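Student:
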Amino acid sequence: SARGIHLQNIVLDERFAAEQKADCLKILALVIKNLAHPVKAQDDKYKQLKLDNAKVRDKLLIISSAVEYLKAIGFVEESQDGISILRVKNPDIAVMKASLQEVSNALDMVAPINNTTTTTKKSIKKPRMEQVEEEKKSDDPPLEKLSEKQKARRLLEEKEKKEKEIARLHRKKTAAQIKQDKWVRANDPNWKSGVSAAMAKSGSGIETFRDRHGEH
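Using our numbering, the first residue of the sequence shown is number 869, and each one after it goes up by one.
1. Using the Cα positions of lysine 994 and serine 1015, report the straight-line distance between them to the nearest angstrom.
2. Do glutamine 916 and arginine 955 come within 8 Å of each other at the CB atom, strictly closer than that value?
3. Do isoleucine 895 and lysine 918 count as a contact pair if the criterion is CB distance below 8 Å?
4. Does the Cβ-Cβ distance between aspartate 891 and serine 933 come in under 8 Å?
5. Taking all protein chains shown into account, do 16 or more other C-beta atoms lie within 10 angstroms of the C-beta of histidine 1038, making it buried, or fewer, making it exposed?
6. To the nearest angstrom, how far is it from the Cα of methionine 977 to the Cα of serine 952?
7. For a quick check, are the C-beta atoms of isoleucine 878 and isoleucine 941 less than 8 Å apart?
8. Residue range of the beta strand (DSSP E) that arginine 955 falls in?
9. Going by the CB atoms, is the gap between glutamate 970 and asparagine 875 shorter than 8 Å?
10. Is DSSP giving glutamate 945 helix, strand or coil here?
11. Among Lys889, Ala885, Ser869, which one has its Cα closest to the Cα of leucine 975?
12. Using CA coordinates, which residue listed in Asn921, Ala979, Lys1017 is at the minimum distance from alanine 885?
13. With H, G and I counted as helix, E and B as strand and the rest as coil, what does DSSP make of leucine 968?
14. So serine 967 and isoleucine 900 are in contact, right, with Cβ under 8 Å, and what is the actual spacing, rounded?
15. Out of Lys1029, Asn921, Gln910, which one is the CA nearest neighbour of lysine 957?
16. By Cβ distance below 7 Å, which residues in the same chain neighbour alanine 1020 in space, the five residues on each side in sequence not counted?
17. Taking 8 Å as the threshold (C-beta atoms), are isoleucine 961 and alanine 897 in contact?
18. Using DSSP's beta-bridge definition, name the partner residues of leucine 917.
19. Can you give the Cα-Cα distance for lysine 939 and valine 963, rounded to whole angstroms?
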């Protein structure tokens, strides 16, 4: 639509900074919001914009597409007591509501982002397990203050803990390999059953009782 083209021109106009575009669209939004209100839309003071108003002149009129947008929704340029104004005689409430949504969408596209979140040390939370481990470390007395027996027990506990972790990782790796092999068997038409690792190492298949002892 013509309205959409004018808004697009505002958003894409590289001659103006994002802040200037945002200021322009905010004034547009305020004007249209009043005209989308059933009561205010009947009040003459909301139906016109004096073009010599400092805010209108400095923030709205500098972008010509904003004026074209107002004309597209019913505003016409007139002269009143020697002052240029933009006036809409009979605002269409439905059109104003639709226009307000359009302008709001355009504003979202150009408005400077002021609420960017910065990551701080306070916002970084460690996983619960890491917190528990750190608490344990802080509770444990230094190694040099322990007796020989306590040192041996501490070292044994650490060794068992490492072995358990290695075993857990090995199980996880094995399970992943089994899952992958199963997927290949199910999806690869060229897959053929091969000898097992034990067979490959011995060079022969599994012998049966009859193979070893013969028939009786």
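Don't be surprised by glycine CBs; every beta carbon is placed ideally from N, CA and C. None of the values given here were measured: they were computed from a predicted structure.
Tutor: Short version:
1. Low per-residue confidence applies at lysine 994: pLDDT is 48, beneath 50, and the placement is therefore not dependable enough to give any value.
2. The Cβ atoms of arginine 955 and glutamine 916 lie closer than 8 Å to each other.
3. No, the Cβ-Cβ distance between lysine 918 and isoleucine 895 is not below 8 Å.
4. Against a cut-off of 8 Å, the Cβ pair of serine 933 and aspartate 891 comes out as no contact.
5. By the neighbour-count criterion, in which 16 or more other beta carbons inside 10 Å mark a residue as buried, histidine 1038 falls on the exposed side.
6. Cα to Cα, methionine 977 sits roughly 31 Å from serine 952.
7. In this structure, isoleucine 941 does not lie closer than 8 Å to isoleucine 878 by Cβ.
8. Secondary structure note for arginine 955: its beta strand (DSSP E) is the uninterrupted segment 951-955.
9. In the sequence on display, residue 875 carries leucine and not asparagine. Yes; because the gap between Cβ atoms is below 8 Å, this pair is in contact.
10. The three-state reading of DSSP puts glutamate 945 in strand, counting E and B together.
11. Nearest C-alpha to leucine 975: Lys889.
12. That would be Ala979, whose Cα lies nearest to the Cα of alanine 885.
13. When secondary structure is reduced to three states using DSSP, leucine 968 falls in the helix class.
14. Indeed, because the Cβ distance is near 5 Å, the residues count as touching under 8 Å.
15. Considering only alpha carbons, the answer is Gln910.
16. Excluding positions up to five away in sequence, the list is empty.
17. Not in contact: alanine 897 and isoleucine 961 (Cβ atoms no closer than 8 Å).
18. Beta-bridge pairing links leucine 917 to Leu954.
19. Each residue's alpha carbon lies about 13 Å from the other.
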